[in-house]
Structure formats: structure tokens, C-alpha cells
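For the sequence shown, numbering that gives the first Met the number 0 begins at 0 and goes up steadily by one.
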Amino acid sequence: MAELLRQRIADHAFPVVGGLSLSFGVSAFEDGASAGDVVARADRALYQAKRLGRNRICLQKLDA
């Protein structure tokens with residue numbers, strides 16, 4: 000889903016700003032994890048995506 004959103008936004012010409020790009024950080028819920036744990040992993044993945052050049056999706060594995 001994140002890749003579909005990223006690609007559709009990258010392909011769309013916005014009237015005022017033109018092109019946009021997005022980076023996503025993705026994580027999954029795991030039994031026993033708190034919502035804060037899931038959000039923290041997604042946040043780490045997002046910053047990894049930005050460090051790697053933006054306009055991409057990174058996944059934070061459950062054991063990380």
C-alpha cells in the first residue's frame with residue numbers, strides 16, 4: 000500500500016507545486032508490542048528512508 004501511494008503521488012502533477020515525493024516508514028504490529036513500539040519502529044524506518052535518499056519506503060523489522 001505504501002508503494003502504491005508513493006508512486007501515485009510521484010506521478011501526479013500538482014497544480015501549485017508540481018511534483019512531490021514521499022518517504023514512508025513501515026512497521027507491523029506484533030503480539031505483546033505496544034502502539035508506541037510500533038510507532039517507534041516506523042519512525043526509525045522513516046528516518047532510514049530519508050537518509051538513503053528520500054522518495055522510498057523502508058521497513059523496520061520486528062526484531063530491530
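Quick reminder that beta carbons are idealized off the backbone N, C-alpha and C, glycines included.
Using the rule of at least 16 other Cβ atoms within 10 Å of the residue's Cβ for burial, across every protein chain shown, is SER22 buried or exposed?
Reading the sequence shown from its first residue, position 23 is the one you call residue 22. Looking at its Cβ environment, which holds 16 or more other Cβ atoms inside 10 Å, SER22 is buried.
Which of the three DSSP states, helix, strand or coil, is assigned to GLY31?
On the sequence shown, position 32 is the one that residue 31 refers to. Residue state, collapsed to three classes: coil.
Would a C-beta distance cut-off of 7 Å place ALA44 and LEU61 closer than the cut-off?
As a first step, residue 44 must be located in the sequence shown, where it is residue number 45. As a first step, residue 61 must be located in the sequence shown, where it is residue number 62. The answer is no: Cβ separation not under 7 Å.
Can you tell me whether SER26 is buried or exposed? The criterion is at least 16 other CB atoms within 10 Å of its CB, across all chains shown.
For the purposes of this step, residue 26 is taken as the residue at position 27 of the sequence shown. Counting C-beta atoms within 10 angstroms of its own C-beta, SER26 has 16 or more neighbours from the protein chains shown and is therefore classed as buried.
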